[in-house]
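**Student:** Pasting a structure below so you can have a look.
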Amino acid sequence: MGGADTIRERCSRTSPRLFTAGRASLLATLASLTVACGGAEGEDLASSPAAVEPQLATQGEALSVGDLLGVGNREAPVGLALEVDNGEGVPLKVKAGQTFWVNQIDLRASINATKDEGVDGLRQNSDFLAIGWNGVRLADQEFVGLSNPDGTFTRRRFYRDAAWMKAPSLFTVEPVDSRGLLTGAPVLLNIGTDDTRRTERDDFFIRRMRAIQWTRDCRSLTDCTGAKAYEEEALVELRNAYDHAKKQTLTFTSRTVGLRLRWSLRPFAPYYIPVTQVSQPAYSYGFGIDIKPLTAPRKDGTYAPGSDVTFQMTLKDGKGKALHKPGSLPTYNEVAPPGAPGNPAGIQYYQAFFNPTTTYYRRKHQERMMMTQLIGPAQDIQPIRTIVDLEAFLDDSQDVQTIATPARDGVYAQFMTFPPSNKLFGGAFFPNDGRWDAPVSDTWTYHLPADAKPGTYLVTAKARRVFMGEDRPASRTIEIQVGTKTHTEAVLTTGPCNTCHSKGGELSEVLHANDNRAACASCHAPLGFELEGPIFVRTHFLHSRSNRFDAPLEKCTSCHLKQETTQRTSKAACLSCHKSYPDSHVEKFGPIESMYVGGGRESFQQCTGSCHKTHPGSGF
Numbered sequence: 024m025g026g027a028d029t030i031r032e033r034c035s036r037t038s039p040r041l042f043t044a045g046r047a048s049l050l051a052t053l054a055s056l057t058v059a060c061g062g063a064e065g066e067d068l069a070s071s072p073a074a075v076e077p078q079l080a081t082q083g084e085a086l087s088v089g090d091l092l093g094v095g096n097r098e099a100p101v102g103l104a105l106e107v108d109n110g111e112g113v114p115l116k117v118k119a120g121q122t123f124w125v126n127q128i129d130l131r132a133s134i135n136a137t138k139d140e141g142v143d144g145l146r147q148n149s150d151f152l153a154i155g156w157n158g159v160r161l162a163d164q165e166f167v168g169l170s171n172p173d174g175t176f177t178r179r180r181f182y183r184d185a186a187w188m189k190a191p192s193l194f195t196v197e198p199v200d201s202r203g204l205l206t207g208a209p210v211l212l213n214i215g216t217d218d219t220r221r222t223e224r225d226d227f228f229i230r231r232m233r234a235i236q237w238t239r240d241c242r243s244l245t246d247c248t249g250a251k252a253y254e255e256e257a258l259v260e261l262r263n264a265y266d267h268a269k270k271q272t273l274t275f276t277s278r279t280v281g282l283r284l285r286w287s288l289r290p291f292a293p294y295y296i297p298v299t300q301v302s303q304p305a306y307s308y309g310f311g312i313d314i315k316p317l318t319a320p321r322k323d324g325t326y327a328p329g330s331d332v333t334f335q336m337t338l339k340d341g342k343g344k345a346l347h348k349p350g351s352l353p354t355y356n357e358v359a360p361p362g363a364p365g366n367p368a369g370i371q372y373y374q375a376f377f378n379p380t381t382t383y384y385r386r387k388h389q390e391r392m393m394m395t396q397l398i399g400p401a402q403d404i405q406p407i408r409t410i411v412d413l414e415a416f417l418d419d420s421q422d423v424q425t426i427a428t429p430a431r432d433g434v435y436a437q438f439m440t441f442p443p444s445n446k447l448f449g450g451a452f453f454p455n456d457g458r459w460d461a462p463v464s465d466t467w468t469y470h471l472p473a474d475a476k477p478g479t480y481l482v483t484a485k486a487r488r489v490f491m492g493e494d495r496p497a498s499r500t501i502e503i504q505v506g507t508k509t510h511t512e513a514v515l516t517t518g519p520c521n522t523c524h525s526k527g528g529e530l531s532e533v534l535h536a537n538d539n540r541a542a543c544a545s546c547h548a549p550l551g552f553e554l555e556g557p558i559f560v561r562t563h564f565l566h567s568r569s570n571r572f573d574a575p576l577e578k579c580t581s582c583h584l585k586q587e588t589t590q591r592t593s594k595a596a597c598l599s600c601h602k603s604y605p606d607s608h609v610e611k612f613g614p615i616e617s618m619y620v621g622g623g624r625e626s627f628q629q630c631t632g633s634c635h636k637t638h639p640g641s642g643f
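So in the working numbering, the last one in the sequence shown is 643, and the numbering has no gaps at all.
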């Protein structure tokens, strides 16, 4: 990383005198941490703080009190999303003079390889090479369900427990001018440790650090013999600032042209994120969704079973301005593919064709799917276990997919993606058909079956907006009455989630910004190419893998309200949490094939009604 003189040169542009004493102490702490994590420059770092302190102080002369305190800005602070890819900061455009808190940080380092070396290449030749890789281990693996265009398959291996993943660390975010001098007070963010969640000290609700090996030319879903196309990735994902962290704000002055992002595990090799300020953007920050039925109900306010009901969605900024013209949305090619111009209002579409996502392990917040669902009646809402195959997504005869029927699933559900899946996924499978250039409407039609059970039906839309540095989800649910004026309620079998999801981690903030858990099941059906869709699978998987879950994993009463809700035994229910089962089970049900659901399509079938009536340590 260079000699001591180079390190001191880099460090001369940090904090003003106002912060010198605290910063010097911090640098001393960071130096010892770097040594502990295996950094190559430990000896130089240990002596750096005292040597650079006079240089730190000189920068204070460039700052006014107004710069430090953000005086003069009257706009409400906005959550800022920062991203660095292979050492290069992803440029930001922001509203001039805006004040932000840091709500999201994504770091990624990657290399390509021609041999199977796990993720060892990252410790030898990557942006993360000297941050401490001791202890790294293979934790999980999963194949991608769909084949590649050439008929090969992709395997993903997930690595954890490297020293840098487990160590406590901090980020410093510094607004700077063209000379690298501070234009405002920096923000110091504590991202905590991997083994526990401290809501009073951690600054982010979500903290995920891992490495992934991708093998992209496997012969089959079980065999990667002879593979030569490997990619190794290291990822840092921080999301959803706690309420106390939102009070630490950055103000962009007229002199701010960039952000210096300093990580305590590599404190003297900061990242730089270019910033362009726009004085009068066409839209405001914030994001909301409106849904309205265009089909009028009957005189009594209800819809008849057998009816077709058309809805319209409007995406809005935080001040209520529509982000699109009534009747239409941008085409997929205008928004999503690499090199696309992007939507000036920040509208987003599904990105996983180009930026693959993996439940828990990789970038689910960047998937950006826009979709809508109908489910009901509310009193019958439950998990959907019927698998939706790819053929349904590619069916040109229908834009809306029927996900569940009362006779088969005990509830009725439909969903639709934007663009419709026959254009969205069809464009990926048939790239020469022009499907990604097809017009996209903001209206759609759901069909109520002739035998629809009376009650309240939920209609939900969810989307994500990325605009001027803000990366924000939104959801909206409305209700319609079918066959009766009597309002019915969903009976949830788990909760309350706010025991943990609080202080900035509420369900209204994380994931899809949807705090109505009754409105999850329809979108989260198992897909033939992504079996881990159901909420119970994802909840088990995420909380069992996260070392920051607050309760013993075996204590079912932490989430489940009634014992009988834990007694529907299936591979998906059990092996989304457990990573092994007895040899007798292997003999009867086969080996574990999926880290998410245990096996294949059979994983959602109830395998027994007589065993596993209790769970050790369940709390029931």
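For each residue, glycine too, the CB sits at the ideal point set by N, CA and C.
Would you decide whether THR466 is buried or exposed? Buried here means 16 or more other CB atoms lie within 10 Å of its CB.
**Tutor:** exposed
**Student:** Considering only DSSP beta bridges, list what ASN135 is partnered with.
**Tutor:** GLU254
**Student:** Quick one, which of ASP412, LEU244, ILE558 has its alpha-carbon nearest THR382's?
**Tutor:** ILE558
**Student:** Near HIS470, what residues of its chain come up, given a Cβ to Cβ distance below 6 Å and the 5 sequence neighbours on each side ignored?
**Tutor:** Scanning its chain for C-beta atoms nearer than 6 Å, with the 5 sequence neighbours on each side dropped, one finds around HIS470 the residues ASP331, in chain order.
**Student:** Which residue wins for smallest C-alpha separation from GLU254, given the options LYS446, ARG131, LEU413?
**Tutor:** When only C-alpha atoms are compared, the closest one is ARG131.
**Student:** Write down every uninterrupted run of the beta strand (DSSP E) in the region 246-313 whose length is 3 residues or greater and which is fully enclosed by it, in chain order.
**Tutor:** 253-264, 281-286, 289-301
**Student:** Short check: CB of HIS350 to CB of VAL358, under 9 Å?
**Tutor:** One point to set straight first is that residue 350 is Gly, not His, in the sequence displayed. Cβ distance not < 9 Å, so GLY350 and VAL358 don't count as in contact.
**Student:** For GLY551, tell me which candidate among ARG391, HIS510, GLY622, PRO496 has the shortest Cα-Cα distance.
**Tutor:** GLY622
**Student:** Going by Cα to Cα distance, which pick from LEU447, ARG431, ILE407, ASP403 is closest to GLN421?
**Tutor:** LEU447
**Student:** Alpha carbons only, please: which of ARG180, GLU493, SER545, ALA119 is nearest the one belonging to ALA257?
**Tutor:** ARG180
**Student:** Just to confirm my understanding: we take ARG431, look at its own chain, exclude 5 residues before and 5 after, and list those with CB closer than 7 Å. What are they?
**Tutor:** THR409
**Student:** Using C-beta distances below 7 Å, list every residue in its chain close to SER87, excluding the 5 sequence neighbours before and after it, in chain order.
**Tutor:** Residue confidence is low: SER87 scores 49 on pLDDT, short of 50, so the model does not pin down where it sits. Its coordinate-derived value is still stated next. The answer is none, since no qualifying residue turns up.
**Student:** Assuming the contact rule is C-beta atoms closer than 8 Å, ALA104 and ASP494 should be a hit. Round their C-beta distance to whole Å, please.
**Tutor:** Separation of the CB atoms of ALA104 and ASP494 is rounded to 4 Å, and the pair is thereby assigned contact status at 8 Å.
**Student:** Decide if PRO293 is buried, meaning its Cβ has at least 16 other Cβ atoms within 10 Å, or exposed.
**Tutor:** buried
**Student:** Three or more C-beta pairs under 8 Å: does that hold for the region 192-200 against the region 280-292?
**Tutor:** yes
**Student:** What are the complete alpha helix (DSSP H) segments, minimum 4 residues, inside the region 165-220?
**Tutor:** 186-189
**Student:** Does the distance from the C-beta atom of HIS645 to that of LEU515 stay below 9 Å?
**Tutor:** Absent from the structure is residue 645, since the part of the chain shown begins at 24 and ends at 643.
**Student:** May I ask which residues mark the beginning and end of the beta strand (DSSP E) holding HIS470?
**Tutor:** 466-470
**Student:** Given this structure, state the Cα-to-Cα distance separating LYS270 from SER302, to the nearest angstrom.
**Tutor:** 24 Å
**Student:** So if DSSP puts ILE154 in a beta bridge, which residue, or which two residues, is it bridged to?
**Tutor:** Answer is none; ILE154 lacks a bridge partner.
**Student:** To the nearest whole angstrom, what separates the beta carbons of LEU352 and GLN335, a pair I think is in contact under 8 Å?
**Tutor:** Contact between LEU352 and GLN335 is ruled out by a C-beta separation of about 11 Å, above the 8 Å threshold.
**Student:** Tell me the start and end of each unbroken beta strand (DSSP E) in the region 428-464 that is at least 3 residues and wholly inside, in chain order.
**Tutor:** 435-441
**Student:** Could you name the residues of the same chain whose beta carbon sits closer than 8 Å to that of ASP456, not counting the 5 residues immediately before and after it, in chain order?
**Tutor:** GLY449, GLY450
**Student:** Closer than 7 Å by C-beta to LYS344: which residues in its own chain qualify, once you throw out the five before and the five after it? Chain order, please.
**Tutor:** Here the set comprises TYR306, SER307.
**Student:** Quick one: residues in its chain with C-beta nearer than 7 Å to the C-beta of LYS387, no 5 flanking neighbours on either side, listed in chain order?
**Tutor:** For LYS387, where only same-chain residues beyond five positions count, the Cβ hits under 7 Å are THR380.
**Student:** Ignore the nearest five residues each way along the sequence and tell me which others in ASP266's own chain have a CB closer than 6 Å to its CB.
**Tutor:** LYS526, GLY527
**Student:** Quick one: residues in its chain with C-beta nearer than 6 Å to the C-beta of TRP459, no 5 flanking neighbours on either side, listed in chain order?
**Tutor:** TYR355, ASN356, GLY450
**Student:** Once you ignore the five residues that flank SER567 on each side, which residues in its own chain have a CB closer than 7 Å to its CB?
**Tutor:** LEU576, CYS600
**Student:** Taking its Cβ as the centre, do 16 or more other Cβ atoms sit within 10 Å of ASP323, making it buried, or is it exposed?
**Tutor:** Classification for ASP323: exposed.
**Student:** Measuring only the C-alpha atoms, how far is GLU165 from THR245?
**Tutor:** 10 Å
**Student:** Which two residues bound the contiguous beta strand (DSSP E) that contains THR500?
**Tutor:** Unbroken beta strand (DSSP E) run through THR500: 493-505.
**Student:** Could you pull out every unbroken beta strand (DSSP E) segment of at least 3 residues lying fully inside the region 572-636, listed in chain order?
**Tutor:** none
**Student:** Return helix, strand or coil for THR562, following the three-state DSSP convention.
**Tutor:** The DSSP-derived three-state label of THR562 is helix.
**Student:** Can you have a look at GLY329 and say buried or exposed, based on whether 16 or more other CB atoms are within 10 angstroms of its CB?
**Tutor:** exposed
**Student:** With DSSP as the reference, label THR81 as helix, strand or coil.
**Tutor:** Note that THR81 scores a pLDDT of 36, beneath 50, so its modelled location is shaky and nothing firm can be said.
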